[in-house]
Structures are given as structure tokens and as C-alpha cells.
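The numbering used here numbers the first residue of the sequence shown as 2 and each following residue consecutively. Ideal Cβ positions, reconstructed from N, Cα and C, are used throughout, including at glycine. These numbers were taken from a predicted model, which means no experiment stands behind them. Shown next, in C-alpha cells, is the structure this report addresses.
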Amino acid sequence: MPEKSQEQTQASGRQFINRILCPTNLSPSSDEALRYGVAIARAYNAKLYLCYAAEDPQKLEPEQVNKLFLDSIAPYISVTDRPWINWEGIITQGEATEVIPRLAKEHQIDLIVMRSRRRPYAAMLLGSTAEAVCHTATCPVLVTHQQEREWVDLAGEINLKRILVAYDFSEYSDLALSYGLSLAQEFQTELHLMNVSPNSLENSSEKSESGLDKATKHLREQIPSDAHLWAKIIPVIATGKPYHQILNYAQENS
């Protein structure tokens with residue numbers, strides 16, 4: 002997980018997104034992630050890097066490589082009346098789980114956008130490659146998959162309505178919150194800030210203030226004072242298994 006920097010973080014806690022990396026195998030399935038990469042790059046006026054890991058890059062002519070990238074990105078540029086986008090294609094060699102984090106570090110990438118195949122019985126949550134990249138990349142990773150509820154339409158417009166940030170009061174969740182705030186401000190969405198405790202709040206030893214009230218107050222204190230000026234912030238407290246509560250809440254508040 003990356004550390005905050007003055008270059009990336011604004012005073013309000015928002016994140017700059019200046020460089021986006023979108024891995025592709027030049028297939029229609031990975032191009033779905035590219036649609037998201039293009040839309041976010043356009044919204045933040047960021048540079049988009051496409052990367053493709055070839056078995057033997059030296060066998061590919063520069064013109065052939067450029068055409069492969071153009072064929073992939075062209076559909077998502079031509080559907081909008083704002084066609085220009087700053088992008089660069091990178092062809093390399095190696096395992097995706099090693100290449101993607103390395104390129105992200107070399108190019109000081111702020112966000113990776115990639116597709117997950119989510120094969121049954123193997124890496125059930127994200128997919129083996131996406132799972133590995135999430136653990137080793139030096140920046141946040143946005144993972145798309147077939148069963149998701151899409152928020153970038155075919156015209157390339159971003160239609161975000163609600164963002165859920167899972168928060169456990171750690172330094173890492175502070176960074177997740179800063180990105181959530183950035184997206185909420187950019188697209189004027191609701192932001193649901195959720196903390197899940199594995200222990201029941203009803204058994205709290207607090208007498209003057211209930212465990213629920215205390216947890217809610219602590220959660221509200223993490224929100225920048227000016228955030229309510231441009232987004233509806235909804236604190237959420239739950240108990241149980243975090244992954245279960247987070248997924249249930251996301252589904253119930255779709």
C-alpha cells in the first residue's frame with residue numbers, strides 16, 4: 002500500500018490521479034477494464050499507460066505494436082465528443098504478477114485499472130493475477146469483473162452514485178478514504194464510510210455512552226470538515242465478519 006505524498010494529496014484529503022496504468026492482453030475481456038481506465042483518465046485529465054506482456058517483444062515491429070494498442074483504445078475514444086486523451090503504450094516481457102507492479106513503480110503510477118477473470122475454485126474473490134497485484138503494487142488497484150454493476154456507460158461517461166469505503170482506523174484505510182473522498186467530490190456522489198467490528202457493540206463496557214454512539218462519533222471524526230459541502234457522507238457501523246458485512250451492505254444499498 003502506498004504512502005501519501007504532497008504531490009498526490011490535497012489539503013482537503015483528496016487524491017490527485019495523474020498517471021493510470023491499464024494492463025491488457027489485447028482481448029475484448031481486458032478491454033472492458035480499458036473502458037474504465039479511459040473514463041477515469043479523462044475525468045482527472047490523467048495520462049493513461051497501456052501495458053502488454055508479450056512472449057517475445059523483439060519479434061514485434063513498432064508499427065505492429067502501435068496498431069495493437071490503437072485498436073484496443075480507439076473504441077473508447079471515438080464514442081465521446083471529447084476524443085483526445087494522453088496515452089502511451091508499453092510492451093514488455095514477463096509474468097503479469099511481476100510486470101504490472103514493476104511498471105507501476107517505474108512510472109510512478111497513481112492507479113492501476115485491471116480486469117479479473119475470477120475463475121471458480123481459484124482465487125475466488127478477485128482472480129489470481131488481480132489478487133497478487135493488489136498485494137504487491139505500490140498504488141491502489143481498481144479491479145473490474147464480469148458480474149459487477151457497471152458505472153461507466155458505453156458512451157464513456159462515469160455514472161457513480163454511491164461509494165462505499167470500508168474503514169478500520171488504520172493508516173491504510175486513511176488512504177482508502179482519501180481516494181473515496183476524491184471520487185465523491187469529483188462525481189458528486191454519496192460516500193458511505195463503514196466500520197465493521199468483529200465484536201458486538203451491545204457488550205461494550207461503556208456506561209455513559211453506548212458503544213454504537215462512541216463508534217459513530219469516532220468514525221465521523223475521520224471525515225474532513227469541508228467534505229459535507231460537496232458530498233453526502235453517511236457513517237455506517239456494523240458488527241460481524243467484515244467481508245460479509247461489507248458485501249451485504251453494498252448489495253442492500255445498490
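Next on the checklist: Threshold first: 3 residues or longer. Then list the beta strand (DSSP E) segments lying entirely within the region 102 to 177, N to C.
Outcome noted: 112 to 116, 142 to 145, 163 to 167
Item to check | Secondary structure of G90, DSSP reduced to three states | outcome: strand
Checklist entry - Is it the case that the Cβ atoms of T145 and R103 are separated by a distance below 7 Å? => result no
Item to check | Counted within 10 angstroms of its Cβ, other Cβ atoms place Q246 as buried (16 or more) or exposed | outcome: buried
Checklist entry - Alpha carbon to alpha carbon, what distance is there between L49 and F70? => result 12 Å
Next on the checklist: Let me check one thing: in DSSP terms, what residues is H193 bridge-paired to?
Outcome noted: L165, I235
Checklist entry - Residues in its own chain within less than 8 Å of N200 by CB, not counting five upstream and five downstream? => result T240
Checklist entry - For S198, which beta-bridge partners are listed by DSSP? => result T240
Item to check | Exposed unless 16 or more other CB atoms sit within 10 angstroms - verdict on W88 | outcome: buried
Item to check | Nearest-angstrom Cα separation, counted from E187 out to W231 | outcome: 9 Å
Next on the checklist: Going by beta-carbon coordinates alone, are T93 and T130 separated by less than 7 Å?
Outcome noted: no
Checklist entry - Which residue comes first and which comes last in the alpha helix (DSSP H) that contains A216? => result 212 to 221
Checklist entry - In terms of residue numbering, what span does the beta strand (DSSP E) encompassing I21 cover? => result 20 to 24
Checklist entry - First and last residue of the beta strand (DSSP E) that includes T230? => result Note that residue 230 is Leu in the sequence shown, not Thr. Looking at the DSSP string, L230 is not in any beta strand (DSSP E), and its letter there is neither H nor E.
Checklist entry - DSSP three-state call for L71: helix, strand or coil? => result helix
Checklist entry - Which whole-angstrom value describes the C-beta separation of G95 and A54, a residue pair presumed to lie in contact below a C-beta threshold of 8 Å? => result 6 Å
Checklist entry - From the DSSP output, which residues share a beta bridge with K60? => result None, per the DSSP bridge assignment.
Checklist entry - Mind checking H136: buried by the 16 CB within 10 Å criterion, or exposed? => result exposed
Next on the checklist: If contacts are defined as beta-carbon pairs under 8 Å, then V142 and A40 qualify, I think. What distance do you get, rounded to the angstrom?
Outcome noted: That pair is no contact at about 16 Å.
Checklist entry - What residue range is occupied by the uninterrupted beta strand (DSSP E) comprising A54? => result 48 to 54
Item to check | Simplified DSSP assignment, three categories, for G95 | outcome: coil
Checklist entry - Is DSSP giving I41 helix, strand or coil here? => result helix
Checklist entry - Given L27, which residues of its chain have a CB within under 7 Å of its CB, disregarding the five upstream and five downstream residues? => result Y53, L69, S73
Next on the checklist: If I measure Cβ to Cβ from V237 and keep anything under 6 Å in the same chain, skipping five residues before and after, which residues do I get?
Outcome noted: H193, M195
Checklist entry - Using DSSP with H/G/I as helix, E/B as strand and the rest coil, what is F257? => result No answer is possible for residue 257: the residues shown for the chain start at 2 and end at 255.
Checklist entry - Is DSSP giving P76 helix, strand or coil here? => result helix
Next on the checklist: Less than 7 Å between the beta carbons of V100 and A34, yes or no?
Outcome noted: no
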